[in-house]
Amino acid sequence: MNVIVELEKPLLELEAKIEGLKKLNETQRVDFSAEIRALNEKAVSLEAEIFGNLTPWQRVHLARHPRRPLAMDYISKLDGFVELHGDRSYRDDPALVAGYAYLRGVPVFVLGQQKGRDTKENLYRSFGMAHPEGYRKAARIMRLAEKFGKPLLTFVDTPGAYPGIGAEERGQAEAIATNIKLMAGLRTPIVVNIVGEGGSGGALGIGVGDHIAMLQHAIYSVASPEAAASILWRDSTKAEEAAMRLRLTSEDLFEFGIVDEVVPEPMGGAHRDPAKVVDAVLAADARALDKLMSLKPEQLLDRRYEKYRKIGAHEEMVLDRAAR
Amino acid sequence: MNVIVELEKPLLELEAKIEGLKKLNETQRVDFSAEIRALNEKAVSLEAEIFGNLTPWQRVHLARHPRRPLAMDYISKLDGFVELHGDRSYRDDPALVAGYAYLRGVPVFVLGQQKGRDTKENLYRSFGMAHPEGYRKAARIMRLAEKFGKPLLTFVDTPGAYPGIGAEERGQAEAIATNIKLMAGLRTPIVVNIVGEGGSGGALGIGVGDHIAMLQHAIYSVASPEAAASILWRDSTKAEEAAMRLRLTSEDLFEFGIVDEVVPEPMGGAHRDPAKVVDAVLAADARALDKLMSLKPEQLLDRRYEKYRKIGAHEEMVLDRAAR
Amino acid sequence: MTPTPNWLRRRGAKPQPADDKLWEICPSCGERIYIKDLDAQQRVCPKCGHHFRLPALDRIALLADGDFDEIGENLVTGDPLQWSDRVPYREKTQGDRTKSGLLEAIVAGFCTVEQIPIGLGVMDFNFRGGTMGGVVGEKVTLLVEECARRRVPCVIVTSSGGARMEEGMIGLMQLAKTSGAVERFGALGLPLVTILTDPTTGGVSASFGFQGDVVIAESGAAIGFAGRRVIDQTIRQKLPEGFQTAEFLLEHGQVDMVVRRSDMKAALASVLRFLIAKGYGAVDVARPKSA
Amino acid sequence: MTPTPNWLRRRGAKPQPADDKLWEICPSCGERIYIKDLDAQQRVCPKCGHHFRLPALDRIALLADGDFDEIGENLVTGDPLQWSDRVPYREKTQGDRTKSGLLEAIVAGFCTVEQIPIGLGVMDFNFRGGTMGGVVGEKVTLLVEECARRRVPCVIVTSSGGARMEEGMIGLMQLAKTSGAVERFGALGLPLVTILTDPTTGGVSASFGFQGDVVIAESGAAIGFAGRRVIDQTIRQKLPEGFQTAEFLLEHGQVDMVVRRSDMKAALASVLRFLIAKGYGAVDVARPKSA
Ligand SMILES: [Zn+2]
Ligand SMILES: [Zn+2]
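Shown next, in the form of C-alpha cells:
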C-alpha cells in the first residue's frame, strides 16, 4: 500500500466535505460560506502538516503515487505528438514510448518510460520497466535525432530496467551501455526530465543529457530502496532505511550537481494539480532548449562532457606505505 | 541426390582401380605401368566427357557438391584466424562465421556463410542459411572493419537467407537491407568471393563489394532454381529449366559485369583438388586487395558506386501515346 | 477520390480490365462490392475496411496535392537474359502494360504532399507483381539521385514480390544499386520515408523498403522477406495468426507505424514536415555536384 | 605464475587473509585445494578447471609483460553521502583496504602485453565487491583519457557487482562519466577491449563493460545486468541452466569470445595486435589536446 495514499486520506475527506458544502451553498440558498472558509483553513493547515515535512521514504511513495502524472501525460501535451514504434529487430516495447512532437514550435524527438494506470496496463507496459528492445528503440530514435538535427526530450519514470530471463538473454546490459555512450556523444541537445521514479541504470538508459530537470518530488536513485536494502543488508524490508541513506530526493541531487533544475510541485505533490505540473515541466524544457540550441555542436559536447566529468567524490591520499 | 555425385561415380571407380594397381605395382614387384598408363588416359578422357560440357543444372549440383570446399576451408587457410561471435542482441548465428585474420600479412576482417559437412553440422549451421542475427553480427563486423581501417573479406555460400517464423519475426528483410546499404558506403575495401552457392538476397547480405571473385563452378542466382521455378511456374520440379534460364554461371555473370574475376577450378570441380582451389582464391583476393588498398577512400567509394550504378538493362522507348 | 488531376489526364485513360467485371468480392469479409464504389472509397472495403491493392496512379492521386512531374517515364526493359519460357519475357511485359496501363512496375516523379516538395516513387503490383528488374532499379536510383540534387525528401511506396526472375542476376543487383543511392542520399541528412503496401517481400523489402528513416506500413499489408510458400516448404509447420501482416510487424518492432489508407496522406505529411523542419545546427550537407 | 615483477614488489607484500586458511574448496567440484597450489595455477582448479576470482594485482602480473606504471594510485573515496549503516562507509573501505591490499576497487596504469603498449585497468572484487563509486569512475576516466593522449589501446578487466550503494547517485553517474570518456576515445579510432570476469553485473556491465570494441569473457564468469536475486524476486520462476554464465552469453550473441585464464594473455595480445595493425587508409585521428 502506498503510504502517501494513506496519509492523504483525511485531507481528501475534508476536501470532499468542502466540495459538498459548496454545492449545497449554491443549490440550497443557505449560506455556508463561513463554514467553508473555516474548513478551507483547516485543509491548508492539514495539508501543510501532512506534506510539510515528508521523510525520504514518504517521498519515494509520493513519487510512486498511483495518480501521479506519467510520461504520456507530459508527452501528450506537446504539439502534434506521433508515436514511432520498434527497434527494427525484435519487438516494440510498450514500456518505452518514442516519437516526435513540437515543444513551443521546436521539433523534438521524444522518449518516455511509461507505467500503467491499472493492472492490465501495467502488465502491458511492464510497470515502466523497459526490455533491451525498448532501449534499442530509444537508440534508433537518438540516431534519428542526430541525423535530422532535432533535440531529444526524455521523460524518466521507471523502477529500473526489466529484470528477467529474456531481458538478460537479449543483453539488457549491452543495450543500456550502448545508449549511455550514444547519448554522451550525440550531436544534438538532450533535455532529460526525471518526473517520477529514476531507477538506476534503467533510468540512465535514456537519462544522459545537457540539462537534467527533476520534479521536486520525483526520486532518482542508484538502486530502488528495496533493491539497495537487499544488496546492502540482504533484507528488502529495510527499504525505508535505504531510502533515507541514499540521498535520492531532488534537493540532494541538485546539491550534488547531478540535476540542473528542480521543478516545484504543488503542496501535496504533482497529482494534486497535474495540469499545472505538466505546464511547468514543459516550460522548463522550453527554456532549457532555447539556451542549448544557441550552442555550437562542439560547445554542446564539451559542456556535456565536463558536466559528467566533474561528478565524483575522490580525495588524494598522501601515499604512506604503512596505510596500504 | 546430387547429380554430379552420380555422374562422377565411374570416374571415381576408375581412379580407385588405378590407385589399387599403383599399390600393387609397388608392393608386388609386378609391372603394371602400361595398364596404369592406359587407365590414366581413359580417366582423363572420361573426366573430359563427364565434366567437359555440364548443363547449368549440373553446374548447380557441382556448386552443391557434398565435398566442395566450404567457407571455413578458405578462412582457416588465412593466417591467425580468430572467430568473433554474436550480434550483441539476440544470438550467435553459426551459419555466418565472423572474425579476423591476415591475408599475406594484410589484416582483414572476415565473414563467411558456412554449411555443414554432415546432417548434425548442417542442423547446427542451418545449412548455411543465416538468420537476421547472423546478418547483424556481420553488420557489427563491417562497422569494426571501417572503424579500424581493415579491409573486409567475405565468402558467400548459401542457398539463401533462412526462411522461417523466427527469422521473419526478427526482421530478415531489415537485416539484409541494412547490410547492403552499409556495404555500399563502407569506407574500407571489400573483396567478395562467391565460392559455392550464391543464393539471392541472402548472398548479397554479405556480397556487396569492390571486387567480386567467383569460382568457375560456383553459381550465383536471383533465386535458387527450385525457388525460381516455384515463383515462376508454381512448380519446383521445373528447377532444371529455371537453372538453364537464370544465367547463374560464372561465365554468364562475368559477361554481365556482375563478377569481376572468375577463378578457375580443376577439371571436375573444386572438390577434386581443394588445396589448390583454396590457394587460387586467396591469391586472387590478395591481388585484388593490393590494388584496392592503393585507392583513397573517396575513390574507392566512387568506384564502388559506379560499379553497381551501371548494372541494368533498360532501353528508352519513344513515347507514343497509343503504345500505353 | 478527388477529381482526376491534370497530370493523370495527360497520361490518358486508365486501362480497362480485360473482362468487364462490375464488382469484386472482398477477400476478407466476402462482401460483393461494385468496382466503381470500391474505387470511390480508395479501394477500401466499405464493410470491413480491407485494403485492396491500389494501382500506382491512384496512389499518386491519393498522395500528391496536384501536379506530378514524372521522370524516367519512357524506360522499358532491355530483356537482358533474352528470357523465354511459356511466353517470351517481352510478351509478358507487353501484357503487363495493357493490364496496368504502365510501362514498368514503378512510377517515379516529383510532386508536393501538403505543400511539401518531394520525390515520389510508387510501385504497381499489376506489372509483373511489382517485381524489380533493371528498370525499377534504374528509376528508383534516378529518383533518389534527383532528390539529392533537389534537396528534397524521397518517398517510396512499395508493392512487390521481390526481384524479377526474368532478369536474373540483373534483378538481384538492383538491390545493391538502389542501396548505393539511398546510402549517399542519407549521408546528406535528407529523409527517405517508405510506405510498405500489400505485398512487400523479397528483394524490395530487403533493400530500400526497410532502408527508410521512417517506415510506414499500410493496414493489413503482407510484408516480409521470404514468401509464405517457401517458409511452408522449409519448416512444414503452421504459421502463426496474422503472420507477416503489417500489424504483426509492428508488434515485432519492424515498422514505425501502421496507417490506414484514408489517413496515409496526413500521416506522411506529418512525418515529412517534422523531419525537414529547421532543427538544431546546420546539417553538414555537401553541395550538389550538378544542378 | 611468473616471478614477482618489480612493480609488484614495490607495492609491498600481498595482504594476508584474515584467517589463516591454508586451503579452499572448489565450489564447482568440491575439491580441497591448498591455496599456494591454487595461486601457482593462476587460481584455476586443477581438477575441474573452475576459475576462482583473481585479485587485481595477480591479474596484472598475468597480463603485463613486466613493469606497470600506475596512475591515480593515491585516489581514495571522499564519502560524499557521509554514509553510515551498521558500519560507517569509511570503516568499511578501511576493511576493504586490509582485505584487498588496495586503496580502491580498481588498479589502473600502463604496461605492455606481448610488447604492445596499452593502458590497463583491472577491477578487484575484494574491494566492496568491485563496486564503482567516484574513485573507480575517476580512475577509469583518467585511464581512458590518458590512453587517448598516448594513442594506445585501452584494456579493462571488470569484476564488479555494479554501482556502489554507499555513494548513491554519485556512483550511478560514473556510468555516464566513464561512457563519455569511452565515446571520445572511440572517435579517435583507438580500440577498447574489455575482459569480463566473475562477476560483472549492474552498472559496470551497463557501461564500459559492454562498450568494448571486442568483448572477451573469462570462462565460467557470471555476467549480466540484473542480479539473480532480483530476477528471482521479479519473475518467480526457475532460471535456465547456466543462466548468465560467459558461455550462455556467447550463445546469446553478447560476447565475442570466451577464453580460459591460461589463454587470456595470448588472446588479448592477438586482438590488440590485429586492431592496431596498419590497415587501410589513415584513420582520421585528431591530434591530442595536450601531451
Ligand atoms: Zn470486406
Ligand atoms: Zn574444481
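Residue numbers (my numbering), protein chains in the order written: chain A, 1 to 324; chain R, 1001 to 1324; chain E, 2001 to 2291; chain W, 3001 to 3291.
Heads up, the beta-carbon is just placed ideally off N, CA and C, and yes, glycines get one too.
Spanning the alpha carbons of R2260 (chain E) and L2196 (chain E) requires a straight line of approximately 12 Å. Neighbours of Q2254 (chain E) in chain A, taken as residues whose beta carbon is under 7 Å from its own, are G86 and R88 in chain order.
Any heavy atom of ligand 1 counts here; residues with a Cβ closer than 5 Å to one of them, in chain order, are E:C2026, E:S2028, E:C2029, E:E2031, E:C2045, E:K2047, E:C2048 and E:H2050.
When 8 Å is used as the limit between beta carbons, E2251 (chain E) is near these residues of chain A: R91 and D92, in chain order. Straight-line measurement puts the Cα of Q114 (chain A) at about 26 Å from the Cα of D2263 (chain E). I194 (chain A) counts as buried, since at least 16 other C-beta atoms from the protein chains shown sit within 10 angstroms of its C-beta.
For G2134 (chain E), the closest C-alpha among the options E:V2087, E:A2163, E:I2156 and E:G2202 is that of E:A2163. According to the DSSP assignment, P1056 (chain R) belongs to the alpha helix (DSSP H) that extends over P1056 to A1063. At a cut-off of 9 Å between beta carbons, I3216 (chain W) makes no contact with chain A. Only residues of its own chain outside the window of five on either side were considered, and among them M142, I190, V208 and G209 have a CB closer than 7 Å to the CB of M183 (chain A), listed in chain order.
Under the three-state reduction of DSSP output, I3118 (chain W) falls in the strand class. Taking 9 Å as the CB threshold, D3037 (chain W) stays off the interface with chain A. A contact is defined here as three or more CB-CB pairs under 8 Å, and the segment 3122-3130 of chain W meets this definition with respect to the segment 3053-3065 of chain W. Of all residues in the segment 93-114 of chain A, only Y100 and P107 come within less than 7 Å of chain E when Cβ atoms are compared, listed by chain position.
Here I2060 (chain E) has F2068 and V2122 as same chain residues with Cβ atoms under 6 Å from its own Cβ, once five neighbours each way along the sequence are excluded.
Just so you know, the alpha carbons of R2090 (chain E) and M1317 (chain R) end up roughly 13 Å apart. Annotation for M3257 (chain W): the continuous beta strand (DSSP E) segment containing it runs M3257 to V3259. The segment 196-216 of chain A makes no contact with the segment 36-50 of chain A; the number of CB pairs closer than 8 Å stays below 3. Taking C-beta separations shorter than 7 Å and ignoring five residues to either side along the sequence, the partners of V2152 (chain E) in its chain run P2117, I2118 and G2119, following chain order. Inter-residue distance for G2224 (chain E) and P2199 (chain E) is about 8 Å (C-alpha atoms, whole angstroms). Inter-residue distance for T2077 (chain E) and R2097 (chain E) is about 12 Å (C-alpha atoms, whole angstroms).
For E174 (chain A), the neighbours in chain R by C-beta distance under 7 Å run, in chain order, R1088. With 16 or more other Cβ atoms from the protein chains shown falling within 10 Å of its own Cβ, A213 (chain A) counts as buried. For M293 (chain A), the residues of chain E that pass the 8 Å Cβ criterion are Y2280, in the order they occur in the chain. Listed by position along chain E, the residues whose Cβ is nearer than 7 Å to that of L1253 (chain R) are M2169. E315 (chain A) belongs to the set of residues whose beta carbon lies under 9 Å from a beta carbon in chain W. Counting only unbroken stretches of 3 or more residues, the beta strand (DSSP E) elements lying wholly within the segment 1121-1185 of chain R are 1152-1158, in sequence order. Just so you know, the alpha carbons of I50 (chain A) and P10 (chain A) end up roughly 10 Å apart. Judged by their CB atoms, G1116 (chain R) and A1071 (chain R) are not nearer to each other than the 9 Å cut-off. For chain E, the residues of the segment 1294-1310 of chain R that bring a beta carbon within less than 7 Å of one of its beta carbons are Y1305, Y1308 and R1309, in chain order. The Cβ of A2221 (chain E) sits no closer than 9 Å to any Cβ of chain A. Contact with chain R is absent for P2055 (chain E), since none of that chain's Cβ atoms lies less than 9 Å from the residue's Cβ.
Around R1136 (chain R), the same chain offers D1087, S1089 and A1175 as residues with beta carbons nearer than 7 Å, after the five sequence neighbours per side are excluded. When DSSP reads this structure, N193 (chain A) sits in a beta bridge with A:F155 and A:A213. In the DSSP assignment, V3215 (chain W) falls within the beta strand (DSSP E) that extends over V3214 to E3218. Per the C-alpha coordinates, the member of W:W3023, W:G3171, W:P3027 and W:S3028 positioned closest to L3038 (chain W) is W:W3023.
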